[in-house]
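For reference, the structure is listed below as structure tokens.
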Amino acid sequence: MIQRFETGPRMSEMTVHNGVAYLSGQIPEDTSQDITGQTRQVLQAIDALLAQAGSDKTKILRAEIFLADIGDFAGMNKAWEEWVPQGHTPARATVQAKLADPAWKVEIVVTAAV
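For the sequence shown, the positions run 13 to 126 when this note's numbering is used.
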């Protein structure tokens, strides 16, 4: 069985299958914030989606982080390190990418156990 959450005409924000939650790329709502603020927003969105699936950030298996400017790596890591529980850090990749909206500084995709 596949569960879909917050399903729209183009995509679902999350799908769950065989005890694994797959989140779509999460982006900030308030693009007036700096990289740390935008990252915090994205991490809050991830928390909310994982909660819907009965999971949480301690169960994240993998994170893929896309930065519009790799120069924002330190600012993104500041928010990330405040958020991720020590001893539960997932496998992670961070790359620079041209994001769909030029106002977005960060987009994060996670996969988590349920």
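We treat Cβ as the ideally placed atom computed from N, Cα and C, and that holds for glycine.
CB-CB under 6 Å to residue i, same chain, minus the five flanking residues each way: which ones, in chain order?
i	result
Ser-67	Ala-33, Ala-124, Val-126
Leu-55	Trp-95
Glu-119	Gly-37, Ile-39, Phe-78, Leu-111
Measuring CA to CA, which of the options is closest to residue i?
i	options	result
Pro-97	Phe-85, Ile-47, Leu-73	Leu-73
Thr-70	Asp-42, Pro-102, Gln-64	Pro-102
Phe-17	Asn-89, Leu-111, Gln-64	Gln-64
Ala-115	Asp-42, Asn-30, Pro-21	Asp-42
Val-122	Leu-62, Asp-113, Thr-19	Leu-62
What number of angstroms, rounded off, separates the C-alpha of residue i from the C-alpha of residue j?
i	j	result
Ala-109	Asp-81	8 Å
Ile-77	Val-107	6 Å
Ala-105	Ala-75	6 Å
Ala-60	Trp-92	16 Å
Gly-31	Thr-19	19 Å
Should residue i and residue j be called a contact, given that it needs their Cβ atoms to be closer than 8 Å?
i	j	result
Lys-117	Ile-47	yes
Ser-24	Ser-36	yes
Ile-39	Thr-27	no
Enumerate in chain order the residues of its own chain whose CB-to-CB distance from residue i is below 8 Å, with the five nearest sequence positions on each side excluded.
i	result
Gly-87	Asp-46, Ile-47, Thr-48, Thr-51
Phe-85	Leu-79, Thr-106
Asp-5	Any answer about residue 5 is impossible in this case: the structure gives the chain only from 13 up to 126.
In the structure shown, what three-state DSSP assignment does residue i receive?
i	result
Glu-94	helix
Gln-15	strand
Val-121	strand
Thr-106	strand
Thr-101	coil
Ile-58	helix
Ile-77	strand
With a cut-off of 8 Å, does the C-beta of residue i fall near any C-beta of chain D?
i	result
Gln-64	Judged by its chain identifiers, the structure shown contains no chain D, having just a single protein chain.
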